[in-house]
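Undergrad: Those protein sequence lines, which keep their order, are chains A and B. Whatever position you read off the first sequence (first residue = 1), add 31 for this note's numbering. Whatever position you read off the second sequence (first residue = 1), add 1251 for this note's numbering. Okay, handing you the structure first.
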Amino acid sequence: MIRTTALLLTLAAAFSVTSVQAESPAELNDLEIAHVAYVADNIDIRYAHLALAISQNPKIHEFARTMIRDHTAVNDQALALLKKIGADPQDNFLSKSLTADAEKIINELSGLRGDEFDKRYASNELGYHRAVNDLVANAFIPNIENAEVRALFEAGLRIFRAHESHAENMVAAL
Amino acid sequence: MFNTTQPFSVVMAIAVTIAAGMLSARATEHSVKEHVVEITGLEFVPDRIDVSPGDTITWVNRDIVPHTATSVDDSWDTGVLNQSESKSIVVGQNMTTAYLCRFHVNMTGTITLEYRVESAGT
């Protein structure tokens, strides 16, 4: 319990939590969690489009296309599920924090070229997937109340762990 | 009725040939197998299958993201399988046995080719 609390606090700090309205990621409700996931998916899709535009490395392109394909598929499933249960995702402190952090990273990546870009993109993908996967596994899934939403997150986590593993290989190869 | 002027040995040879053909057809019919590999949780399940030429392998995607089953040398490929889609491939002689998902290269599977020796009457 102490370890989990410590992990959640670490994750909150990692995402530059500045809002005073929320205590921790573990306290978000299902609709706020859905919003965070949707935002997190879209952020990775934005990174991938940037990689396709800047990188000349076929391996980077292959990974980026997989990120676009998979995160789009997961978001489509999430939207379909929310429509089915008649709910809208709710914006929250963590979604805002993730978006603000992503803007900084996109600005940084946009100024890089060649190997510098490829290495930074790959390391960011690894770090990003590690952080989000920890968040999903330790803060979100244990607290999601709706069984269908939880099942979608469990399926998503398996996919994103594969992405993390793929990113590890990519980092090692560069 | 057989022509009584034909030698008995010729009649028997024809009969044996027809019977052998029927048995062979029946044996082939029985030996061809259908194998199903489910893609779930970013894994091929089962990830190893024993097949023979002429068998059919069907890959079914149970995941929410698209996958492929593609031989490592690109000699065969299911194409993109979206959620709930499936594709069947007939096992060929000397088919490449190692395969992966083109989108998730850590997803791998293996086909073991067995060349069955059919016995008459089986």
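C-beta: ideal position from N, C-alpha, C; glycine also. Just so you know, these numbers come straight off a predicted model, no measurement behind them.
Out of B/D1324, B/V1342, B/R1353, B/G1330, which has the shortest C-alpha to C-alpha gap to B/I1362?
TA: Nearest option by C-alpha distance: B/V1342.
Undergrad: Less than 8 Å between the beta carbons of B/A1349 and B/V1311, yes or no?
TA: No; because the gap between Cβ atoms is not below 8 Å, this pair is not in contact.
Undergrad: May I ask which residues mark the beginning and end of the alpha helix (DSSP H) holding B/K1284?
TA: That residue, B/K1284, is in no alpha helix (DSSP H); it is neither H nor E in DSSP.
Undergrad: Which two residues bound the contiguous alpha helix (DSSP H) that contains A/I85?
TA: 61 to 85 is the extent of the alpha helix (DSSP H) around A/I85.
Undergrad: How many angstroms separate the CA atom of B/E1285 from the CA atom of B/D1306?
TA: Their Cα atoms are separated by approximately 6 Å.
Undergrad: Give the interface partners of B/F1295 over in chain A, defined as CB-CB distance under 8 Å, in chain order.
TA: Correct list: empty, because the minimum Cβ distance to chain A is about 13 Å.
Undergrad: Kindly list, in the order they appear in chain A, the residues whose Cβ is closer than 7 Å to that of B/I1315.
TA: Ordered by position in chain A, the residues that pass the 7 Å Cβ test against B/I1315 are A104, V105, Q108, A186.
Undergrad: Could you spell out the range, first to last residue, of the beta strand (DSSP E) harbouring B/T1359?
TA: Residues 1359 to 1364.
Undergrad: Leaving out five residues before and five after A/A99 in sequence, what residues of the same chain have Cβ atoms less than 6 Å from its Cβ?
TA: Inspection of the sequence shows that residue 99 of chain A is occupied by Ile rather than by Ala. The residues are I76, A79.
Undergrad: On the criterion of 16 or more Cβ atoms from any shown chain inside 10 Å, does A/E63 qualify as buried, or is it exposed?
TA: Counting Cβ neighbours within 10 Å, A/E63 comes out buried, since at least 16 surround it.
Undergrad: Reducing DSSP to helix, strand and coil, say where B/V1349 ends up.
TA: The question names Val, but residue 1349 of chain B in the sequence shown is Ala. The answer is strand: DSSP assigns B/A1349 an E or B state.
Undergrad: Using the C-alpha atoms, what's the distance from B/V1283 back to A/A162?
TA: Those two C-alpha atoms are separated by around 49 Å.
Undergrad: Could you run through the stretch 58 to 91 of chain A and flag, in chain order, every residue whose CB is less than 8 Å away from some CB of chain B?
TA: Answer in chain order: no residues at all.
Undergrad: Pull out every residue of the stretch 135 to 161 of chain A whose Cβ sits closer than 8 Å to any Cβ of chain B, in chain order.
TA: If the cut-off is 8 Å between Cβ atoms, the stretch 135 to 161 of chain A has nothing near chain B.
Undergrad: Hey, is the stretch 1313 to 1333 of chain B in contact with the stretch 1346 to 1360 of chain B, meaning 3+ C-beta pairs nearer than 8 Å?
TA: Verdict: yes, contact present.
Undergrad: To which residues of the same chain is A/S126 closer than 7 Å at the C-beta, ignoring the five residues directly before and after it?
TA: Here the set comprises H66, V67, V70.
Undergrad: If you measure from the beta carbon of B/G1330 to each beta carbon in chain A, is any gap under 8 Å?
TA: No - not a single Cβ of chain A is within 8 Å of the one on B/G1330.
Undergrad: Pull up the distance between the alpha-carbon of B/I1290 and that of A/P173, whole angstroms please.
TA: Approximately 26 Å between the Cα atoms of the pair.
Undergrad: Distance, Cα to Cα, A/L205 vs B/C1352?
TA: Distance between the alpha carbons of A/L205 and B/C1352: 22 Å.
Undergrad: Can you tell me the Cα-Cα spacing of A/K114 and B/I1315, whole angstroms?
TA: Between A/K114 and B/I1315, the C-alpha separation is close to 17 Å.
Undergrad: Is B/D1328 helix, strand or coil when you go by DSSP?
TA: B/D1328: strand per DSSP, three-state reduction.
Undergrad: How should A/S86 be labelled, buried or exposed, when 16 other C-beta atoms within 10 angstroms of its C-beta is the threshold for buried?
TA: Buried, by the Cβ-count rule.
Undergrad: So, at 8 Å on beta carbons, what are the nonlocal neighbours of A/I190 in its own chain, with the 5 sequence-adjacent residues on each side left out?
TA: Excluding positions up to five away in sequence, the list reads D101, V105.
Undergrad: Within a Cβ cutoff of 8 Å, which residues of the same chain sit near A/E195, ignoring the five residues on either side of it in sequence?
TA: The residues are L157, H160, R161, N164.
Undergrad: Roughly how many whole angstroms lie between the Cα atoms of A/M201 and A/H92?
TA: Each residue's alpha carbon lies about 11 Å from the other.
Undergrad: Which residues of the stretch 166 to 178 of chain A have a Cβ closer than 8 Å to any Cβ of chain B? Give them in chain order.
TA: From the stretch 166 to 178 of chain A, no residue has a Cβ closer than 8 Å to chain B.
Undergrad: Can you tell me where the beta strand (DSSP E) holding B/E1294 begins and where it ends?
TA: Its beta strand (DSSP E) spans residues 1294 to 1296.
Undergrad: Just checking my contact of A/A193 with B/N1357 at CB under 8 Å: how many whole Å lie between their CB atoms?
TA: Their Cβ separation, rounded to whole angstroms, is 6 Å, which keeps A/A193 and B/N1357 in contact under 8 Å.
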